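Each residue of the sequence shown is one higher than the one before, starting from 1 at the first, in full-length UniProt numbering. Heads up, the thing below is written out as structure tokens.
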Amino acid sequence: MTTQLAVMPGADSPMPNAAHQFARLLDPAFLADAGWDAEQLLLRPPAEHPQLGRRPCVVSECGAPSSRAGQLCTPCSVRHRASGLAMEEFTAIPHRHRRAGVGRCVVADCPRPWKTSGDPLCNTHSNQRAYSLRIPLEEFVQHPRVAALPSFGPCLVASCLRDAMGAYGYCQAHATRFRLVRAGSGFDEQRWRATEPSVAEANMVSFRGLAPLVIPELLFGLQQRVRSGARTKQDELKQVCDGLRADQVWSVLDYTGSWPASPSRTLFDHFVKHIRRARLSPEREVAKDVWDMFVFGHGGRLDFRGLSQPWLRAATKRWAADDIPHRRGSNVTGVVQAKIRQLERVSESLRAHRDDSGAHPAALGRIDIEHHLHRLAFLNSQGELSDFSRIRACRELKWVLQQMRSLGLTRPGQPLTGLPEQFALTSRDMPDELQGDEAGRDLPADVMGTLCSSLEIVGAMRPEARTAIELIIDTGRRPDEICELPWDCLSRDPGGKHVLTYHNSKNHRQRRLPIPDATAALIAEQQTTVRMKFSDTPLAKLKLLPSPRSNPYGRKAISSSALGDLHREWVAALPAIQTVTTVVIDGERTTQTVEFDKTRIFLYAYRHTYAQRHADAGVGIDVLCELMDHENMDTTRGYYQVGHERRREAVDKVARMQFDRHGNRIWRETEQILDSERLRHGLGEVAVPYGRCSEPTNVQAGGGHCPIRFRCLGCEHFSSDISYLPDLEAYLADLLRNRERIASMTTADEWAKVEAMPSQKEIDRVRRLIRSIKQDLASLTEVEHTQIRDAITVVRRTRQVVLGIPGIRRPLPDLRPERSA
Numbered sequence: 001m002t003t004q005l006a007v008m009p010g011a012d013s014p015m016p017n018a019a020h021q022f023a024r025l026l027d028p029a030f031l032a033d034a035g036w037d038a039e040q041l042l043l044r045p046p047a048e049h050p051q052l053g054r055r056p057c058v059v060s061e062c063g064a065p066s067s068r069a070g071q072l073c074t075p076c077s078v079r080h081r082a083s084g085l086a087m088e089e090f091t092a093i094p095h096r097h098r099r100a101g102v103g104r105c106v107v108a109d110c111p112r113p114w115k116t117s118g119d120p121l122c123n124t125h126s127n128q129r130a131y132s133l134r135i136p137l138e139e140f141v142q143h144p145r146v147a148a149l150p151s152f153g154p155c156l157v158a159s160c161l162r163d164a165m166g167a168y169g170y171c172q173a174h175a176t177r178f179r180l181v182r183a184g185s186g187f188d189e190q191r192w193r194a195t196e197p198s199v200a201e202a203n204m205v206s207f208r209g210l211a212p213l214v215i216p217e218l219l220f221g222l223q224q225r226v227r228s229g230a231r232t233k234q235d236e237l238k239q240v241c242d243g244l245r246a247d248q249v250w251s252v253l254d255y256t257g258s259w260p261a262s263p264s265r266t267l268f269d270h271f272v273k274h275i276r277r278a279r280l281s282p283e284r285e286v287a288k289d290v291w292d293m294f295v296f297g298h299g300g301r302l303d304f305r306g307l308s309q310p311w312l313r314a315a316t317k318r319w320a321a322d323d324i325p326h327r328r329g330s331n332v333t334g335v336v337q338a339k340i341r342q343l344e345r346v347s348e349s350l351r352a353h354r355d356d357s358g359a360h361p362a363a364l365g366r367i368d369i370e371h372h373l374h375r376l377a378f379l380n381s382q383g384e385l386s387d388f389s390r391i392r393a394c395r396e397l398k399w400v401l402q403q404m405r406s407l408g409l410t411r412p413g414q415p416l417t418g419l420p421e422q423f424a425l426t427s428r429d430m431p432d433e434l435q436g437d438e439a440g441r442d443l444p445a446d447v448m449g450t451l452c453s454s455l456e457i458v459g460a461m462r463p464e465a466r467t468a469i470e471l472i473i474d475t476g477r478r479p480d481e482i483c484e485l486p487w488d489c490l491s492r493d494p495g496g497k498h499v500l501t502y503h504n505s506k507n508h509r510q511r512r513l514p515i516p517d518a519t520a521a522l523i524a525e526q527q528t529t530v531r532m533k534f535s536d537t538p539l540a541k542l543k544l545l546p547s548p549r550s551n552p553y554g555r556k557a558i559s560s561s562a563l564g565d566l567h568r569e570w571v572a573a574l575p576a577i578q579t580v581t582t583v584v585i586d587g588e589r590t591t592q593t594v595e596f597d598k599t600r601i602f603l604y605a606y607r608h609t610y611a612q613r614h615a616d617a618g619v620g621i622d623v624l625c626e627l628m629d630h631e632n633m634d635t636t637r638g639y640y641q642v643g644h645e646r647r648r649e650a651v652d653k654v655a656r657m658q659f660d661r662h663g664n665r666i667w668r669e670t671e672q673i674l675d676s677e678r679l680r681h682g683l684g685e686v687a688v689p690y691g692r693c694s695e696p697t698n699v700q701a702g703g704g705h706c707p708i709r710f711r712c713l714g715c716e717h718f719s720s721d722i723s724y725l726p727d728l729e730a731y732l733a734d735l736l737r738n739r740e741r742i743a744s745m746t747t748a749d750e751w752a753k754v755e756a757m758p759s760q761k762e763i764d765r766v767r768r769l770i771r772s773i774k775q776d777l778a779s780l781t782e783v784e785h786t787q788i789r790d791a792i793t794v795v796r797r798t799r800q801v802v803l804g805i806p807g808i809r810r811p812l813p814d815l816r817p818e819r820s821a
């Protein structure tokens, strides 16, 4: 059967060309699954259809369509509320539902419809039994005087499927309606027949009486909704059909009436959208001032109406048509519209300062570019344009103008004919780049701890959202990369370790990321949950984080925008988040507990936090660049610049708790001295064991020009600070342990034991130094103690290793210590 035959009653049915075109767009499999009856022009969706069907009421023996899948029909729902019974008890009580519809007269071979289910005879036979023979029904149907009668034909109402009850030509329901409306003045019976709705029946929508083009248009719109996963209620579809029939429109796009209910209006708008898109083509779309990006394979619209100069608008359209096919990702429309916005600023600038409003491209020059740059600078100074937006405006305008010229749009006959070479931006026009655009937006460890401990709240709101947020925190991937994870995203490398397979949305390539066992367990749990919910969907088409809306098969992933909205709602609902920070009061640096700005907590901040953790832990810049999928290593380098600033701040804190070789506190008050301490850290702060050496010759030689090497505690150039406390304690324990071992030896000569025996003076000095450091540490407040401890962690993490001992990179801080590995 062809698609045309599947839509209309027969191959010879009159169908306009547009109807033929829409009929060819219909999938016969969709029509069969949806229950389309081409001969009767009826849609009878099966109860099990996930988007069109209505499952039967769960009450025993009822069987009526339920109002919601797996629940009660409307009458049973009313009875249940009135009964006060539990759902299980109520549904077990049998209840037969009175079914709408008309059957045939029970007299053999009589084609006429019955009066009612209680009197299953047509009008003539019912009168014959009641007034002539006066016998029971069982005897009546067998009586020799009872014979089949000819049909009166179908009901004359175009939408109706029923047969007429009598010679007047209407079924019983429409005959009743006809008697009610014919008394009105100016009644047009022919129009009433053409526009009157059909009699409502469960699981049936009548397309009868609609124009030949409207039928395939509605079926196409319905098909597209089913493909998108949207659910369509039969009552709303019937209201749309009745409204289009009442206006007798030739196309859905011709309808100009209103809808009594919002759901019907929304459904109609969806149909209009799909029908319009079916008529689109790239060739026709590029001539418009607003492009529907669906025809180019993307979502949303491109708007060129902000470009008032015809030549600029035409050139921008030519550039956009060339640029769109070279882009990929989920936000192509937004990216291109942002560049069009920069051209709109140029258009506004030309209108503002030129007498001709910029109508003639050949009259433009460098002065117009300068006016535009001045305008951007002014908007920036007034706070209407951020520093980053100003930089982007200049950068993108420069690039787009170059692209237009490379497309030949300045040649004769083209939109930019005569545009001078001076109408362009140079490298000197670019504002200074901001440093560390991505870096520096990570979240403090205490804030991350608070968020991770509150994840159960978002889990109660939406379980798949909690899993998505946890995966972003654990892996540092972009939100859209996590949202689009396929079900089968977890694998193992040759060494048996867990690996996450994902699609790099920016570079458009498959990637593999090593992940810890706890993250792998989280993914495995989500896989089990999703598989149980969508057991019939092939694994290759299943998403790890399926959208809860319009997604009956689990093939559509939760969108990053929806996840972002839910994340903002969750963060906003949390109580105030406190963090410890350093502030300057009256020139003195002190630590305080302050409220953290929640606007800094967004999904992408978890990616910045992940990158900063690895940079602070000493991961090589080339490794981190690859790990973060950065196209440019300069982006990665920003995280190390942030790490440098934090080390500088940590040195400030540690330098205030310095001690000489005798354990006396060395006070560093001035910023000048602190700057020298920072410089010394940068030149090799651990050139000597357990502290620093300030002797110039030895520092210049990298710690290799000291005549009393390994006896630094006896030198006046030696100093230590609180960050060396663990090393000093370990060294003291080693000295005491060696002293005991040497004293107990019986196989060594006495002179050898004396030479090897640790000095009591050295032991006393180490003890005194440790005691002084601990006493100062004990005098700190709890907040100061926390700040010093964090500073020590930063300083020790980045400290150079001396004495030829190989260094081992410190492990990453665990944001979720409560989870098992």
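C-beta atoms are modelled at their ideal positions from N, C-alpha and C, and glycine is treated no differently. None of the values given here were measured: they were computed from a predicted structure.
Exercise for the section: Taking 8 angstroms as the threshold, find out whether the stretch 473-481 comes into contact with the stretch 510-517 through three or more Cβ pairs. Expected result: yes
Problem - Backbone CA spacing between Ser281 and Ala314 [nearest angstrom] - result: Looking up residue 281 in the sequence shown gives position 281. Looking up residue 314 in the sequence shown gives position 314. Cα to Cα, the separation comes out at about 18 angstroms.
Exercise for the section: Tell me where the alpha helix (DSSP H) around Phe378 begins and ends. Expected result: Locating residue 378 in the sequence shown gives position 378, counting from the first residue. In the DSSP assignment, Phe378 falls within the alpha helix (DSSP H) that extends over 366-381.
Handout entry: Endpoints, the alpha helix (DSSP H) within which Tyr731 is located
Key = The residue given as residue 731 occupies position 731 in the sequence shown. Run containing Tyr731: 725-743, per the alpha helix (DSSP H) assignment.
Problem - Limits of the beta strand (DSSP E) - the one that Gln510 falls within - result: For the purposes of this step, residue 510 is identified with residue 510 of the sequence shown, where counting begins at 1. Per DSSP, Gln510 belongs to the beta strand (DSSP E) from 509-514.
Practice task
May I ask you to verify whether the stretch 463-478 touches the stretch 554-563, counting CB pairs closer than 8 angstroms and requiring at least 3?
Solution key: With the cut-off at 8 angstroms, the stretch 463-478 and the stretch 554-563 touch.
Exercise for the section: Return the first residue and the last residue of the alpha helix (DSSP H) that Leu566 is part of. Expected result: Position 566 of the sequence shown, counting from 1, holds the residue named residue 566. 560-573 is the span of the alpha helix (DSSP H), which, as asked, contains Leu566.
Problem - Close beta carbons around Trp259, own chain, < 6 angstroms, minus the five adjacent residues each side - result: Within the sequence shown, residue 259 is the residue found at index 259, counting from 1. Taken in chain order, the residues that qualify are Arg265.
Problem - CB-CB length for Cys155 against Ala164, believed under 8 angstroms - result: Taking the first residue of the sequence shown as position 1, residue 155 is located at position 155. Taking the first residue of the sequence shown as position 1, residue 164 is located at position 164. Correct: roughly 5 angstroms between the Cβ atoms.
Problem - Same chain only: Cβ atoms within 7 angstroms of Ser159, ignoring 5 sequence neighbours per side - result: If you number the sequence shown from 1, residue 159 lands on position 159. So the list reads Glu196, Pro197, Ser198, Ser206, Arg208, Gly209, Arg245, once near-sequence residues are dropped.
Exercise for the section: For the beta strand (DSSP E) containing residue 864, list its first residue and its last residue. Expected result: Because the chain in this structure spans residues 1 to 821, residue 864 falls outside the shown range and cannot be described.
Practice task
Could you pull the start and end residues of the beta strand (DSSP E) that Phe30 belongs to?
Solution key: Within the sequence shown, numbered from 1, the residue matching residue 30 stands at position 30. Element bounds for Phe30: not the beta strand (DSSP E) but the alpha helix (DSSP H), 28-34.
Handout entry: Beta-bridge pairing of Pro65 - partner residues as DSSP gives them
Key = Translated into positions along the sequence shown, residue 65 becomes position 65. In DSSP, Pro65 forms a bridge with Pro56.
Exercise for the section: Quick one: using the 10 Å Cβ neighbour count with 16 as the cut-off for buried, is Glu236 buried or exposed? Expected result: Indexing the sequence shown from 1 puts residue 236 at position 236. Its Cβ being crowded by 16 or more others within 10 Å, Glu236 is buried.
Exercise for the section: Check whether the stretch 137-155 touches the stretch 101-121, taking contact to mean three or more Cβ pairs, one atom from each stretch, closer than 8 angstroms. Expected result: yes
Handout entry: Of the listed residues Asp721, Cys76, Ser550, nearest to Ile792 (C-alpha basis)
Key = Here residue 792 refers to the residue found at position 792 when the sequence shown is read from its first residue. It is Asp721 whose Cα lies nearest to the Cα of Ile792.
Problem - Boundaries of the beta strand (DSSP E) in which Trp291 is found, first to last residue - result: Along the sequence shown, read from residue 1 onward, the residue named residue 291 stands at position 291. Unbroken beta strand (DSSP E) run through Trp291: 290-292.
Practice task
State the Cα-Cα distance for the pair Arg191 and Asn123, rounded to the nearest angstrom.
Solution key: Taking the first residue of the sequence shown as position 1, residue 191 is located at position 191. Taking the first residue of the sequence shown as position 1, residue 123 is located at position 123. Spanning the two alpha carbons is a distance of roughly 27 angstroms.
Practice task
Using only alpha-carbon positions, find the residue among Gly449, Gly365, Thr74, Thr316 that is nearest to Ala424.
Solution key: Working through the sequence shown from its first residue, we reach residue 424 at position 424. Taking only the C-alpha atoms, the option nearest Ala424 is Gly365.
Practice task
Below 6 angstroms CB to CB, which residues in the same chain sit around Val249 once its five sequence neighbours on both sides are set aside?
Solution key: As a position in the sequence shown, residue 249 is number 249, starting the count at 1. Answer for Val249: Tyr255, listed in chain order.
Problem - Ala19 versus Leu539: straight-line alpha-carbon distance, rounded - result: The residue labelled residue 19 in the question sits at position 19 within the sequence shown. The residue labelled residue 539 in the question sits at position 539 within the sequence shown. Computed Cα separation, rounded: 38 angstroms.
Handout entry: Buried/exposed call for Gly476, threshold 16 Cβ in 10 Å
Key = Within the sequence shown, numbered from 1, the residue matching residue 476 stands at position 476. So Gly476 ends up on the buried side.
Exercise for the section: Would you mind working out which of Asn507, Ser386, Ile515, Val240 sits nearest Gly495, comparing C-alpha positions? Expected result: Taking the sequence shown and counting its residues from 1, one reaches residue 495 at position 495. That would be Ile515, whose Cα lies nearest to the Cα of Gly495.
Problem - Closest Cα partner of Ala576 within the set Lys115, Thr176, Pro552, Ile601 - result: Here residue 576 refers to the residue found at position 576 of the sequence shown. Nearest option by C-alpha distance: Ile601.
Exercise for the section: Evaluate the contact criterion for the stretch 84-94 versus the stretch 118-134: three or more CB pairs, one atom per stretch, below 8 angstroms. Expected result: no
Handout entry: Assumed close pair Leu713, Glu762 - CB separation to whole angstroms, cut-off 8 angstroms
Key = Taking the sequence shown and counting its residues from 1, one reaches residue 713 at position 713. Taking the sequence shown and counting its residues from 1, one reaches residue 762 at position 762. Going by Cβ atoms, the distance from Leu713 to Glu762 rounds to 6 angstroms, so yes, they are a contact pair.
Practice task
Spell out the partners DSSP gives Ala557 in its beta bridges.
Solution key: Sequence index remark: in the sequence shown, residue 557 carries index 557 (1-based). Ala557 pairs with Pro546.
Exercise for the section: To the nearest angstrom, report how far apart Leu777 and Cys452 are at their CA atoms. Expected result: In the sequence shown, counting from the first residue as 1, residue 777 sits at position 777. In the sequence shown, counting from the first residue as 1, residue 452 sits at position 452. Distance between the alpha carbons of Leu777 and Cys452 is about 30 angstroms.
Problem - Integer-rounded CB distance, given that Pro56 should sit under 8 angstroms from Ser67 - result: Locating residue 67 in the sequence shown gives position 67, counting from the first residue. Locating residue 56 in the sequence shown gives position 56, counting from the first residue. The distance from the Cβ of Ser67 to that of Pro56 is about 12 angstroms, inconsistent with a contact at the 8 angstroms cut-off.
Practice task
Work out the CA separation of Gly449 and Glu384 for me, nearest whole Å.
Solution key: Position 384 of the sequence shown holds residue 384. Position 449 of the sequence shown holds residue 449. Distance between the alpha carbons of Glu384 and Gly449 is about 36 angstroms.
Problem - Alpha-carbon to alpha-carbon, Arg637 and Arg789 - result: Working through the sequence shown from its first residue, we reach residue 789 at position 789. Working through the sequence shown from its first residue, we reach residue 637 at position 637. Answer to the nearest angstrom: the Cα atoms are 26 angstroms apart.
Problem - Distance CB(Leu485)-CB(Leu544) smaller than 8 angstroms - result: Walking along the sequence shown from the start, residue 485 turns up at place 485. Walking along the sequence shown from the start, residue 544 turns up at place 544. Going by C-beta atoms, Leu485 is nearer than 8 angstroms to Leu544.
Problem - Sub-8 angstroms separation of Asp27 and Gln223 beta-carbons - result: For the purposes of this step, residue 27 is taken as the residue at position 27 of the sequence shown. For the purposes of this step, residue 223 is taken as the residue at position 223 of the sequence shown. Contact check for Asp27 against Gln223 passes: the beta carbons are separated by less than 8 angstroms.
Exercise for the section: List the endpoints of the continuous alpha helix (DSSP H) containing Arg313. Expected result: Along the sequence shown, one-based indexing puts residue 313 at 313. From DSSP, the alpha helix (DSSP H) with Arg313 extends over 310-323.
Practice task
State whether the stretch 372-389 contacts the stretch 345-354, with contact taken as three or more CB pairs (one from each stretch) at a distance under 8 angstroms.
Solution key: Between the stretch 372-389 and the stretch 345-354 there are three or more inter-stretch CB-CB distances shorter than 8 angstroms, so the stretches are counted as touching.
Practice task
Return the chain-ordered list of same chain residues with a C-beta closer than 6 angstroms to the C-beta of Glu285, the five sequence neighbours on each side being excluded.
Solution key: Along the sequence shown, one-based indexing puts residue 285 at 285. Counting only Cβ-Cβ distances below 6 angstroms, and skipping sequence neighbours, we find Trp291, Val295.
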